[in-house]
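Below is one structure, written out as structure tokens, with a few remarks after it.
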Amino acid sequence: MMLEQIGKQAKQAARVLAGADTETKNRALLAMADAIEQGAEQLLAANGEDMAAARAAGMNDTMLDRLQLTAERIRGMADGLRDVAALPDPVGRVLDDQVRPNGLHLVKVAVPIGVIAVIYEARPNVTADSAALCLKSGNAVILRGGKEAIRSNIASVELMRAALKEAGLPENCVQLVTDTTHASANALMHLNAYVDVLIPRGSQRLIRATVEQSTVPVIQTGSGVCHIYVDKAADPDMAASIIENAKTSRPSVCNAAECMLIHKDIAPVVLPKIADRLEAKHTQIRGDGRVMAILGSRAVPATVDDWGREYLDYVMAARIVDSLEEAIDYVYRYSTGHSECIVTEDPAAAEQYLNSVDAAAVYWNASTRFTDGGEFGLGAEIGISTQKLHARGPLGLNELTSMKYKIYGKGQIR
Numbered sequence: 047m048m049l050e051q052i053g054k055q056a057k058q059a060a061r062v063l064a065g066a067d068t069e070t071k072n073r074a075l076l077a078m079a080d081a082i083e084q085g086a087e088q089l090l091a092a093n094g095e096d097m098a099a100a101r102a103a104g105m106n107d108t109m110l111d112r113l114q115l116t117a118e119r120i121r122g123m124a125d126g127l128r129d130v131a132a133l134p135d136p137v138g139r140v141l142d143d144q145v146r147p148n149g150l151h152l153v154k155v156a157v158p159i160g161v162i163a164v165i166y167e168a169r170p171n172v173t174a175d176s177a178a179l180c181l182k183s184g185n186a187v188i189l190r191g192g193k194e195a196i197r198s199n200i201a202s203v204e205l206m207r208a209a210l211k212e213a214g215l216p217e218n219c220v221q222l223v224t225d226t227t228h229a230s231a232n233a234l235m236h237l238n239a240y241v242d243v244l245i246p247r248g249s250q251r252l253i254r255a256t257v258e259q260s261t262v263p264v265i266q267t268g269s270g271v272c273h274i275y276v277d278k279a280a281d282p283d284m285a286a287s288i289i290e291n292a293k294t295s296r297p298s299v300c301n302a303a304e305c306m307l308i309h310k311d312i313a314p315v316v317l318p319k320i321a322d323r324l325e326a327k328h329t330q331i332r333g334d335g336r337v338m339a340i341l342g343s344r345a346v347p348a349t350v351d352d353w354g355r356e357y358l359d360y361v362m363a364a365r366i367v368d369s370l371e372e373a374i375d376y377v378y379r380y381s382t383g384h385s386e387c388i389v390t391e392d393p394a395a396a397e398q399y400l401n402s403v404d405a406a407a408v409y410w411n412a413s414t415r416f417t418d419g420g421e422f423g424l425g426a427e428i429g430i431s432t433q434k435l436h437a438r439g440p441l442g443l444n445e446l447t448s449m450k451y452k453i454y455g456k457g458q459i460r
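If you want the numbering used here, it's the position in the sequence shown, counting the first as 1, plus 46.
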């Protein structure tokens with residue numbers, strides 16, 4: 047199907063969806079959840095074909111983990127749809143209410159954006175999450191996943207569209223672009239007549255290309271070059287535990303830590319503890335000269351390309367700094383504005399870091415892996431915004447709405 051036709055259908059569906067009440071949207075979401083769960087066998091078969099093709103193409107293990115669906119992950123997709131159904135409807139929220147001196151009554155309310163397009167890579171769960179959030183917030187969605195997950199995405203979208211139709215909403219509220227060539231992505235970036243906003247999810251290269259090439263407004267999401275600074279007043283065991291979790295619990299996601307900055311005063315004590323944890327998870331440390339002097343053969347020398355790098359793998363850069371201020375300067379230089387962390391028992395140092403570091407989420411004594419819509423109580427999220435306009439951080443339901451003024455008058459003229 048031509049992309050322009052998909053755009054037209056999305057625009058028409060968005061008009062219907064904008065007027066749908068909460069009960070109708072929730073009924074559709076619950077039907078979609080049931081369809082995903084009942085179609086698990088179909089989804090696993092499709093995903094098996096995607097996995098086989100990805101292995102044949104040489105995809106690495108961490109990326110294969112992002113691609114793979116299991117019975118548990120499919121249940122998670124269904125539960126995500128149900129969780130969104132249980133959340134308050136963001137549409138119609140009163141954001142401001144005032145009466146002007148001339149008697150005009152102004153009410154600012156949240157409204158759907160309209161048509162949202164999502165370009166993403168090898169994570170088939172994004173298909174269900176994006177559909178759920180867009181539907182509940184009253185937006186039609188055009189999904190364009192990567193070639194690696196195309197069979198999985200086709201299967202899940204077919205299931206959800208059938209459920210939408212049964213629930214009484216247009217099936218074109220959710221559409222998938224099945225052409226996975228660069229041409230389709232480029233065309234979607236220029237579909238201004240039908241798409242109101244474009245959200246890219248994936249690698250730094252994808253996000254950069256979308257921001258640079260798109261004429262459709264873009265919400266820039268997350269490549270995550272996340273840092274953990276271990277202050278001189280840190281608890282060494284806590285630091286090692288946080289770094290282990292932030293790096294190794296799922297290294298292929300954007301909230302995984304990629305670099306640790308260690309204060310020189312604590313480095314001789316804490317680095318061996320961290321190395322113990324990371325070695326147990328088969329994670330390579332790439333260190334600067336001072337890190338190498340402490341860890342020796344337990345690390346490999348870092349190159350200039352290791353600073354500011356998103357590995358998405360069992361690799362972590364390490365650098366020793368002389369002060370909190372040097373750590374903050376380093377983060378300013380290399381951070382992508384996603385998630386940053388300080389580990390310290392010094393409240394003053396923590397507050398300086400929290401206030402000075404410019405990122406969507408800044409942590410004190412907690413893993414960066416918590417930057418997630420579900421962990422923040424938002425339900426699923428469509429991505430982590432690393433920009434500052436419209437929305438920042440996890441893009442949940444409220445962030446997928448715009449606003450308008452309703453003005454009630456009694457014949458006033460100006």
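Ideal Cβ positions, reconstructed from N, Cα and C, are used throughout, including at glycine.
Secondary-structure assignment with DSSP links Cys-300 through no beta bridge to anything. Separation of Arg-296 and Asp-143 (C-alpha to C-alpha, rounded to the nearest whole angstrom) is 44 Å. For the pair Ala-313 and Ile-340, the CB atoms are nearer than the 8 Å cut-off. Beta bridge pairing from DSSP links Ser-385 with Ala-407. Closest in C-alpha terms to Asn-171, from the list Leu-400, Glu-118, Ile-366, Thr-349, comes Glu-118. Annotation for Pro-136: Ala-156, Ser-183, Leu-443, Asn-444, Thr-447 place their beta carbon closer than 6 Å to its own, counting only its chain and skipping 5 residues before and after.
Beta-bridge partners of Ser-431 (DSSP): Thr-267, Gly-439. Listed as beta-bridge partners of Ser-448 by DSSP are Val-157. C-alpha of Asp-225 to C-alpha of Ala-186: approximately 19 Å in a straight line.
Separation of Ile-165 and Arg-207 (C-alpha to C-alpha, rounded to the nearest whole angstrom) is 19 Å. In the DSSP assignment, Arg-355 falls outside any beta strand (DSSP E), carrying neither H nor E.
Beta bridge pairing from DSSP links Gln-221 with Ile-188. When secondary structure is reduced to three states using DSSP, Ile-459 falls in the coil class, being assigned neither helix nor strand. For Gly-53, the enclosing alpha helix (DSSP H) covers residues 49-64. Between Ile-120 and Glu-83, the C-beta spacing is below 8 Å. The beta carbon of Lys-452 sits closer than 7 Å to the beta carbons of Val-153, Val-155 from its chain, once the five residues preceding and following it are set aside; these are given in chain order.
A distance below 6 Å between beta-carbons, with the five flanking residues on each side excluded, links Ala-285 to the following residues of its chain, in chain order: Val-276, Val-316, Val-389. Look at Ala-321 here: in three-state DSSP terms it is helix. In the DSSP annotation of this structure, the continuous segment of the beta strand (DSSP E) that includes Pro-246 starts and ends at 243-247. Nearest to Ala-79 by C-alpha distance, out of Ala-92, Leu-115, Asp-111, Met-123, is Met-123. The secondary-structure analysis by DSSP pairs Val-145 across a beta bridge with His-151. Taken through DSSP and simplified to helix, strand or coil, Ala-163 comes out as strand. Sequence-distant Cβ neighbours of Asn-291 in its own chain, meaning closer than 8 Å and more than five residues away, are Ser-413, Arg-415. Under the three-state reduction of DSSP output, Ile-312 falls in the coil class, being neither helix nor strand. In this structure, Met-449 sits away from Met-362, with a CB-CB distance that is not shorter than 8 Å.
When the beta-carbon positions are compared, Ser-230 and Leu-76 stay at least 8 Å from each other.
According to the DSSP assignment, Arg-365 belongs to the beta strand (DSSP E) that extends over 361-367. The C-alpha of Asp-418 lies about 8 Å from the C-alpha of Ala-426. Taken atom to atom, the span from the alpha-carbon of Leu-89 to that of Val-223 is near 18 Å. The C-beta of Ser-369 has fewer than 16 other C-beta atoms within 10 Å across all chains shown, which makes the residue exposed. The alpha-carbon of Val-350 is positioned some 13 Å away from that of Tyr-376. The alpha-carbon separation between Leu-237 and Ile-188 amounts to approximately 11 Å.
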